[in-house]
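In our numbering, the protein residues as written are 7 to 577. Read the structure below first, then the notes.
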Amino acid sequence: MRYSQYFLPTTKETPADAEVISHKLMLRTGMIRKVAAGIYNYMPFGLRAIRKVEQIVREEMNRAGAIELLMPMVTPAELWVESGRWEQYGKELLRFKDRKEGDFCLGPTHEEVITDIVRREVRSYRQVPVNLYQIQTKFRDEIRPRFGLMRGREFIMKDAYSFDVDDAGADAAYEKMYQAYRRIFERCGLRFRAVEADTGNIGGSSSHEFMVLAESGEDAIVSCDSCEYAANVEKAEIRVAETGAPAPAAALQEVATPGQKSIDEVAAFLKVDPRQTVKTLIVTTDTGEQVAVLLRGDHELNEIKLCRYLGCNHLELASDDTVQKATGAPSGYAGPVGLKLRILADLAVKSMSDFVVGANRADTHLAGASHGRDFSVEAFADLRQAEHGDPCPRCDGRLEIWRGIEVGHIFKLGTKYSEALGAKVQDESGKERTLVMGCYGIGVGRTVAAAIEQNNDANGIIWPMPIAPFQVLITMLNPKEEAVRDAAEELYRALLEKGCDVLLDDRDERPGSKFKDADLIGIPLRVTVGARGLQDGAFELQARAGGEREMVPVDKTVEVLTARIAAALGT
RNA sequence: CGGGGAGUAGCGCAGCCUGGUAGCGCACCUGCCUUGGGAGCAGGGGGUCGCAGGUUCAAAUCCUGUCUCCCCGACCA
């Protein structure tokens with residue numbers, strides 16, 4: 007591609023609405039342009055990177071035996087009603103009517119549609135296992151789209167669905183996808199972790215997320231410093247030594263805490279360690295019930311764990327009004343003593359006694375409280391968020407906390423959708439069996455964003471070779487000098503012939519502009535063609551990632567470049 | 001959905017408080033000049049100031065409504 011003929015609108019300045027580095031760089035390099043909140047144009051340069059990722063995904067999915075197809079983006083309500091998700095999904099599902107008043111939605115994921123295909127076409131156990139995938143535009147009407155392609159409403163996703171006769175088959179399909187995903191993200195040049203994850207509203211029994219490690223990540227993950235355990239904090243288990251609480255030593259006693267609401271304020275005011283306090287959170291479940299949850303003062307509630315324990319889909323912290331009604335005190339002073347609600351407590355509270363709690367009265371707390379004596383707890387359970395330094399649930403190691411960008415997620419679905427939609431086959435004995443499913447997603451645009459997030463410097467992007475929009479950039483310094491022009495053109499032609507993705511900067515610009523753009527767009531290999539080098543019969547070669555500038559003889563350049571590319575692609 | 005902020009030329013911004021019909025830098029166009037790290041000089045094009053209504057002789061500026069975008073947020077008990 008000739009730069010002078012290409013569509014690559016780079017900017018010196020960053021648009022004011024970009025926050026994270028990948029978003030800024032995608033705007034500055036003209037990879038994307040916003041059309042509406044969370045909805046983007048993929049400009050030519052950005053599309054090239056997306057296509058590279060798609061191609062890697064395709065190759066690895068095919069290698070793992072999956073088969074590509076394409077489903078519609080617009081899907082009829084009937085299928086969603088059958089699975090129960092027309093009611094369940096909420097506002098993220100963008101619904102609309104066609105001219106005949108029929109209900110439709112834009113597909114946020116395709117379990118229903120794929121299961122419909124399989125139940126129509128697959129009758130016999132001999133037709134499975136089968137794993138079908140597509141790479142397609144999805145739409146989820148996110149509450150808060152942000153960070154460019156990292157959380158868009160419209161985005162490109164690879165989604166695969168496996169069907170097996172039994173759990174053993176489904177487990178094998180899952181394992182295959184796990185390995186395929188590892189290969190995909192390794193090939194994309196990403197530093198990532200596969201972590202145990204919550205299954206969320208997709209459903210199913212177990213799942214892993216593939217997390218690209220980056221400070222700007224929206225998710226927190228834990229990993230053990232000495233074993234392989236890694237999990238999303240939403241899911242991370244906490245191992246608690248089963249020590250009983252010491253016998254209460256102090257008497258329950260009211261203390262005045264005027265204006266002191268938060269744990270930090272109360273602990274500082276009373277001069278006690280926050281670890282010697284217990285906070286009482288009032289939550290409202292999706293059935294409208296209020297439940298009190300006790301946590302050690304310095305711990306944080308994990309809503310997902312609580313949700314799972316209570317068997318509800320959603321819960322929220324009670325509003326100030328609700329807290330006032332339930333406890334008789336403004337929020338900040340709730341406590342378990344005399345409270346007429348279900349009381350659950352985190353395991354850490356079990357081994358505590360003589361702690362500080364709210365008194366259910368404004369400006370008042372209780373010191374010397376102990377469970378069993380002053381109030382009773384319905385159940386103790388693992389309800390808190392894992393923290394840095396917590397003991398690993400699998401070994402004697404400690405947990406570390408990282409931030410990550412979720413680029414892939416694989417689920418064992420079980421029979422949730424096949425049961426609801428009736429996807430069954432006959433087995434060898436003629437008996438009907440409900441198919442066991444798995445589903446496997448990769449955010450393609452998000453993978454590109456994550457790659458930029460991990461590979462950049464103050465001057466711009468530093469593309470990993472496998473997903474770089476171009477592999478080589480030839481910077482022709484002064485196109486008006488015939489020798490320079492001819493040499494650069496000749497190299498360009500030779501590289502094209504070798505099948506390289508090469509961009510020739512043949513613009514009549516000053517060198518400074520060309521070098522700045524070269525740094526910004528981050529093509530991995532840069533060849534500078536100038537009169538200075540040509541005097542010695544050489545081109546100047548430099549990797550965007552850094553390292554020495556080297557002079558390469560003109561007639562060796564193609565050879566050197568193709569070798570470097572092959573090495574970087576691992577081919 | 002709640003809280004905060006912002007909409008003025010393609011991008012980044014000033015002007016608004018104290019009304020008088022719009023400006024700066026970059027980008028763009030023309031010419032000269034220049035070619036190893038975003039050059040210089042000269043000339044030029046481009047904006048119904050998000051939209052609607054109101055106040056006023058007069059509105060980017062004051063008032064009301066509305067739309068859009070960005071940031072923060074269930075972590076407080």
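Glycine is no exception: its CB is placed at the ideal position from the N, C-alpha and C atoms.
When secondary structure is reduced to three states using DSSP, Val228 falls in the strand class. Where Asp542 is concerned, there is no enclosing alpha helix (DSSP H), because DSSP gives it neither an H nor an E. Taking the Cα of Val442 as reference, the smallest distance to any Cα among Val278, Pro135, Met358 and Lys285 is reached at Pro135.
In the three-state scheme derived from DSSP, where H, G and I count as helix and E and B as strand, Arg101 is classed as strand.
If you draw a straight line from the Cα of Arg193 to the Cα of Gly317, it is about 40 Å long. For Asp402, the secondary structure class from DSSP, reduced to helix, strand or coil, is coil.
A direct Cα-Cα distance of roughly 10 Å separates Ile468 from Ala524. Taking a contact as a CB-CB distance under 8 Å, the pair Met77 and Gly52 does not count as one, their CB atoms being some 24 Å apart.
Per the C-alpha coordinates, the member of Glu25, Ser28 and Met49 positioned closest to Leu14 is Met49. The straight-line gap separating the alpha-carbon atoms of Glu295 and Ala22 is approximately 44 Å.
Taken through DSSP and simplified to helix, strand or coil, Lys40 comes out as strand.
The C-beta distance from Thr16 to Leu526 rounds to 6 Å, short enough to fall under 8 Å. DSSP, read as helix, strand or coil, puts Glu425 in helix.
Assignment of beta-bridge partners to His29 by DSSP yields no partner. Across the structure, Ala549 and Pro530 are spaced so that their CA atoms are roughly 6 Å apart. Within the same chain, Cβ atoms closer than 6 Å to the Cβ of Asp380 are found at Leu258 and Val343, the five residues on either side in sequence being excluded.
Within its own chain, the residues whose Cβ lies closer than 6 Å to the Cβ of Ala256, once the five positions on either side in sequence are excluded, are Asp360 and Gly374, listed in chain order. Judged by DSSP secondary structure, Ala365 falls within the beta strand (DSSP E) whose first and last residues are Phe361 to Arg367. With a threshold of 16 other beta carbon atoms within 10 Å, Thr293 falls short and is exposed. Take Lys97, set aside five residues on each side of it, and the residues of its chain with a beta-carbon closer than 7 Å to its own are Asp147, in chain order. Closest option to Pro336, judged by alpha-carbon separation, among Leu321, Ser268, Met358 and Gln541: Ser268. In the displayed model, Gly154 falls within a helix according to three-state DSSP. Note on Thr263: 16 or more other CB atoms within 10 angstroms of its CB, so buried under the neighbour-count rule.
Selection Lys486, Lys520, Pro151 and Tyr446 evaluated against Tyr180 yields Tyr446 as nearest (Cα-Cα). Ranking Gly403, Val284 and Ala572 by CA distance to the CA of Ile349 puts Val284 first.
Per DSSP, the continuous beta strand (DSSP E) segment holding Phe145 begins and ends at Val136 to Phe145. Beta-bridge analysis with DSSP links Asn462 to Ile467. Taking Thr81 as reference, the option from Lys103, Gln185, Arg159 and Gln266 with the minimal CA-CA separation is Lys103.
Looking at the DSSP output, Thr290 bridges to Gln296 and Glu322. His371 has its alpha-carbon roughly 44 Å from the corresponding atom of Phe216. In the three-state reduction of the DSSP assignment, Cys313 falls in the helix class. Ala242 and Arg513 have their C-alpha atoms spaced approximately 54 Å apart. Within a 10 Å sphere around the beta-carbon of Ala42 sit fewer than 16 other beta-carbons, which makes this residue exposed. Taking the C-beta atoms as reference points, Asp225 is found nearer than 8 Å to Gly410. If you compare the alpha carbons of Gly175, Ile27, Tyr12 and Met183 with that of Val63, the shortest gap goes to Met183. In the DSSP assignment, the residues bridged to Cys445 are Tyr167 and Phe417.
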